[in-house]
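What follows is the structure, encoded as structure tokens:
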């Protein structure tokens, strides 16, 4: 389902806001000058604060959103005995595939460095402005991370303190443990607690959707500030970023997935892609993993002939937990913006980005622009100006369509791999006559 604003799809308004902000900023950059007093007054008192309000609203919602999504996603796997072999294979494949996706993305960005070449003085000026605007958040972000201390810091001594300080990794680890606890301590009380967490997730998603409706105005303001400062150089960097992101996605889609289907699932990759063409198209056009879930389930059972119980388990969990396309996009975006603003990330910091992207792929909602809060939070973690997210939002719709397609096909690849060697249950055990509702979250 595509959100609409004033009769037009939301992404059309976002694109319009992007173009208006970009055009006005370029005009100011070329014919007026970013240092003109009235321009500085507008950027300091109008466009800057509007963009900051949008970003602060995202930061306000992201912690409860990710906690509830992760905890409920783990809890929905069922009791531990039912998880068994299928749950372990699904989790292991998801982590490995997401890690490969992020590594491809980071490798492409490091190889082609699309964000390099910006005037350091201009980049530093924008960096200083963003640090002042988001000083409280950036001040709590780690400046350097040692490998040993990093693993110790994964375990929060106080999860509320970690959440208050925007330490996303410890909060995610706690959410994962909390979800496992819900699985192990099944009772009427824990079922009600899980329903409450599901309610929290739905409330956060509703609020995120409300905030996203402000995106066209916020993006116009953010892009005006950026374009007025950087001029045409911004367009060149943005084109390079999109090309690198699409190239990394293409490698994962047409190299990694076919290898997994052929080697791990023992199937013909060409026939596999032919069988999943319908969810492929639906995912590309809707940009929503959740909206595509019913079509993916149908393709898995009728075209790929996968066991019903395996397909339903892997695809339903995968709509939230197996989003390697999103993880790849987040890694590429963070490193691109770090290069753009001259923030050098060490190997250890890039490993941290990779881990957060993998976990963020698990916790990201499978709806259009669902990765936006995660990207914004990772930017803060590594000291990159959060305003930089406005750079990518203008082309995010198309990239969102591509990474959602990668996510959905990845879910089907995972279901195919996990199904290898698994026997289907007798018809009466699977109760095919029962019409089990498929959750419609998008």
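Residue numbers (my numbering): 798 to 1239.
In this text, a Cβ means the ideal position worked out from N, Cα and C, and glycines have one as well.
Note that this is a predicted model, so its numbers are computed, not measured.
Nearest-angstrom Cα separation, counted from residue j out to residue i
{"i": "residue 986", "j": "residue 1143", "result": "46 Å"}
{"i": "residue 1078", "j": "residue 1047", "result": "16 Å"}
{"i": "residue 1074", "j": "residue 1097", "result": "11 Å"}
{"i": "residue 844", "j": "residue 889", "result": "45 Å"}
{"i": "residue 1199", "j": "residue 1205", "result": "10 Å"}
{"i": "residue 983", "j": "residue 990", "result": "10 Å"}
{"i": "residue 811", "j": "residue 839", "result": "21 Å"}
{"i": "residue 964", "j": "residue 954", "result": "12 Å"}
{"i": "residue 1217", "j": "residue 1114", "result": "18 Å"}
{"i": "residue 887", "j": "residue 1007", "result": "33 Å"}
{"i": "residue 960", "j": "residue 907", "result": "31 Å"}
{"i": "residue 952", "j": "residue 977", "result": "15 Å"}
{"i": "residue 1104", "j": "residue 1093", "result": "13 Å"}
{"i": "residue 1018", "j": "residue 848", "result": "6 Å"}
{"i": "residue 968", "j": "residue 859", "result": "11 Å"}
{"i": "residue 786", "j": "residue 864", "result": "The structure shown does not extend to residue 786, since the chain is modelled only from 798 through 1239, so no value can be given for it."}
{"i": "residue 975", "j": "residue 846", "result": "37 Å"}
{"i": "residue 972", "j": "residue 823", "result": "44 Å"}
{"i": "residue 1090", "j": "residue 817", "result": "35 Å"}
{"i": "residue 942", "j": "residue 1175", "result": "Residue placement at residue 942 cannot be trusted, given a pLDDT of 38 that sits under 50; what the coordinates show is reported in the next sentence. Straight-line Cα distance between these residues: approximately 14 Å."}
{"i": "residue 1065", "j": "residue 1057", "result": "10 Å"}
{"i": "residue 1059", "j": "residue 905", "result": "25 Å"}
{"i": "residue 1180", "j": "residue 1010", "result": "27 Å"}
{"i": "residue 1210", "j": "residue 884", "result": "15 Å"}
{"i": "residue 1086", "j": "residue 857", "result": "24 Å"}
{"i": "residue 1049", "j": "residue 837", "result": "44 Å"}
{"i": "residue 1131", "j": "residue 1172", "result": "7 Å"}
{"i": "residue 1141", "j": "residue 1147", "result": "10 Å"}
{"i": "residue 813", "j": "residue 852", "result": "19 Å"}
{"i": "residue 897", "j": "residue 1062", "result": "18 Å"}
{"i": "residue 815", "j": "residue 1109", "result": "39 Å"}
{"i": "residue 825", "j": "residue 1016", "result": "17 Å"}
{"i": "residue 1099", "j": "residue 1051", "result": "23 Å"}
{"i": "residue 828", "j": "residue 1186", "result": "26 Å"}
{"i": "residue 1004", "j": "residue 957", "result": "22 Å"}
N-terminal and C-terminal residue of the alpha helix (DSSP H) that residue i is part of
{"i": "residue 1128", "result": "1121–1137"}
{"i": "residue 913", "result": "Counting along the chain, residue 913 falls outside any alpha helix (DSSP H), and DSSP gives it neither H nor E."}
{"i": "residue 832", "result": "From DSSP, residue 832 is part of no alpha helix (DSSP H); its letter is neither H nor E."}
{"i": "residue 1006", "result": "985–1009"}
{"i": "residue 1071", "result": "1066–1072"}
{"i": "residue 956", "result": "956–961"}
Residue from the options whose Cα sits closest to the Cα of residue i
{"i": "residue 910", "options": "1214, 1174, 1151, 1133", "result": "1133"}
{"i": "residue 862", "options": "1000, 1209, 891", "result": "1000"}
{"i": "residue 820", "options": "1095, 902, 1021", "result": "1021"}
{"i": "residue 913", "options": "1210, 1138, 1212, 1011", "result": "1138"}
{"i": "residue 1121", "options": "1045, 1136, 1195", "result": "1045"}
{"i": "residue 1178", "options": "1009, 1150, 1041, 1049", "result": "1150"}
{"i": "residue 1036", "options": "998, 1193, 1003", "result": "1193"}
{"i": "residue 993", "options": "872, 1209, 1152, 1172", "result": "872"}
{"i": "residue 1067", "options": "866, 1038, 1101, 1095", "result": "1101"}
{"i": "residue 809", "options": "1127, 1014, 1033", "result": "1014"}
{"i": "residue 1039", "options": "1141, 869, 1127", "result": "1127"}
{"i": "residue 867", "options": "841, 854, 896, 998", "result": "998"}
{"i": "residue 970", "options": "1182, 1156, 1186", "result": "1156"}
{"i": "residue 1189", "options": "1213, 1153, 1012, 962", "result": "1012"}
{"i": "residue 1152", "options": "893, 850, 815, 1005", "result": "893"}
{"i": "residue 854", "options": "1125, 1002, 950, 1076", "result": "1002"}
{"i": "residue 996", "options": "979, 899, 869", "result": "869"}
{"i": "residue 1212", "options": "1182, 1095, 842, 835", "result": "1095"}
{"i": "residue 1154", "options": "962, 895, 850, 842", "result": "895"}
Supposed contact pair residue j and residue i - C-beta distance, whole angstroms, cut 8 Å
{"i": "residue 1215", "j": "residue 1107", "result": "6 Å"}
{"i": "residue 1202", "j": "residue 1081", "result": "5 Å"}
{"i": "residue 1196", "j": "residue 1042", "result": "6 Å"}
{"i": "residue 830", "j": "residue 1129", "result": "With 8 Å as the limit, residue 830 and residue 1129 do not qualify as a contact, their Cβ atoms being about 33 Å apart."}
{"i": "residue 1119", "j": "residue 833", "result": "No, residue 1119 and residue 833 are not in contact; Cβ-Cβ is about 50 Å, not under 8 Å."}
{"i": "residue 1111", "j": "residue 1208", "result": "7 Å"}
{"i": "residue 1125", "j": "residue 899", "result": "6 Å"}
Residue-level contact to chain B via CB, residue i, 8 Å cutoff
{"i": "residue 902", "result": "Looking for chain B here will not work: only one protein chain is present."}
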